[in-house]
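Everything on this sheet refers to the single structure shown next.
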Amino acid sequence: MTWTSFHRRGDVLRAVIAAADARRDGVLPTDIDGVGAVFADEREVLGALQLKWHTRLAGRIEREQLHQPVDLPGAVVRAWQLTAAELPGVRAVLDARRADPGDQATAAMMRTSAAKEHVLLAVMAGLASASDDRAAAVGARLEEDARRTLPAAAPTGTGERASLLERLRAALVA
Numbered sequence: 570m571t572w573t574s575f576h577r578r579g580d581v582l583r584a585v586i587a588a589a590d591a592r593r594d595g596v597l598p599t600d601i602d603g604v605g606a607v608f609a610d611e612r613e614v615l616g617a618l619q620l621k622w623h624t625r626l627a628g629r630i631e632r633e634q635l636h637q638p639v640d641l642p643g644a645v646v647r648a649w650q651l652t653a654a655e656l657p658g659v660r661a662v663l664d665a666r667r668a669d670p671g672d673q674a675t676a677a678m679m680r681t682s683a684a685k686e687h688v689l690l691a692v693m694a695g696l697a698s699a700s701d702d703r704a705a706a707v708g709a710r711l712e713e714d715a716r717r718t719l720p721a722a723a724p725t726g727t728g729e730r731a732s733l734l735e736r737l738r739a740a741l742v743a
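The sequence shown begins at 570 in the working numbering and counts up by one.
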């Protein structure tokens with residue numbers, strides 16, 4: 570991958586994320602200009618969105634644990650909620666594909682990514698080790714806790730992202 574194609578892929582991925590966040594309907598936005606040129610197929614776009622979610626979540630967990638070093642499970646739940654609020658369209662696409670993957674390869678990919686996310690949640694909450702067979706189940710319960718208290722996100726109807734100040738205000742209110 571050349572430097573130019575790397576940046577082009579990043580630009581297209583940002584446009585896909587912006588479209589998903591604007592729509593929040595769970596549909597993978599493959600109609601964005603350039604998607605077909607920089608991604609081989611829908612599964613590759615989905616993988617890029619999954620990676621974006623995972624890296625953002627992992628970073629958010631670390632930041633939340635700096636603020637809540639005593640309540641690690643609470644910090645993990647809060648980090649999941651903040652990440653979902655920051656990337657609502659991405660979360661909607663991932664949830665929709667978990668529920669209806671469309672084919673066996675996508676189903677396997679979504680199962681694997683969900684299990685890895687659940688292990689991350691459990692390990693970062695201090696409730697399991699990465700080699701613990703129960704880690705995925707513990708992480709799934711943490712995700713359920715986060716979802717249970719997460720306010721529903723409504724579609725914005727525009728392609729504009731909220732400003733940093735608006736997102737901070739929303740996070741403080743939540």
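Glycine included, C-beta positions come from ideal geometry on N, C-alpha and C.
{"Item": "Bounding residues of the alpha helix (DSSP H) (the contiguous stretch that carries Ala648)", "Value": "641-655"}
{"Item": "Endpoints, the alpha helix (DSSP H) within which Ala691 is located", "Value": "673-693"}
{"Item": "Nearest-angstrom Cβ-Cβ length linking Ala617 and Leu656, presumed shorter than 8 Å", "Value": "No, Ala617 and Leu656 are not in contact; Cβ-Cβ is about 13 Å, not under 8 Å."}
{"Item": "Exposure of Gly605, with buried meaning 16 or more beta-carbon neighbours within 10 Å", "Value": "exposed"}
{"Item": "Simplified DSSP assignment, three categories, for Gly595", "Value": "coil"}
{"Item": "DSSP state of Leu733 mapped onto helix, strand, coil", "Value": "helix"}
{"Item": "Selection from Trp572, His623, Ala661 that minimises the alpha carbon distance to Ala587", "Value": "Ala661"}
{"Item": "Opening and closing residue of the alpha helix (DSSP H) in which Asp714 lies", "Value": "704-717"}
{"Item": "Check whether Leu690 and Gly671 have beta carbons under 7 Å apart", "Value": "no"}
{"Item": "Collapsed DSSP secondary structure at Ala699 in the structure displayed", "Value": "coil"}
{"Item": "Same chain, Cβ closer than 6 Å to Ala644, neighbours up to 5 away in sequence not counted", "Value": "Glu633, Gln634, Gln637"}
{"Item": "Delimiting residues of the alpha helix (DSSP H) encompassing Thr571", "Value": "Thr571 -> no alpha helix (DSSP H), and no H or E assigned at all."}
{"Item": "Where Phe608 sits in the DSSP three-state scheme", "Value": "coil"}
{"Item": "Three-state class that DSSP yields for Gly616 in the structure shown", "Value": "helix"}
{"Item": "Val585, buried or exposed, once every other Cβ within 10 Å from all chains shown has been counted against 16", "Value": "buried"}
{"Item": "Separation of Met679 from Leu663, as counted between CA atoms", "Value": "8 Å"}
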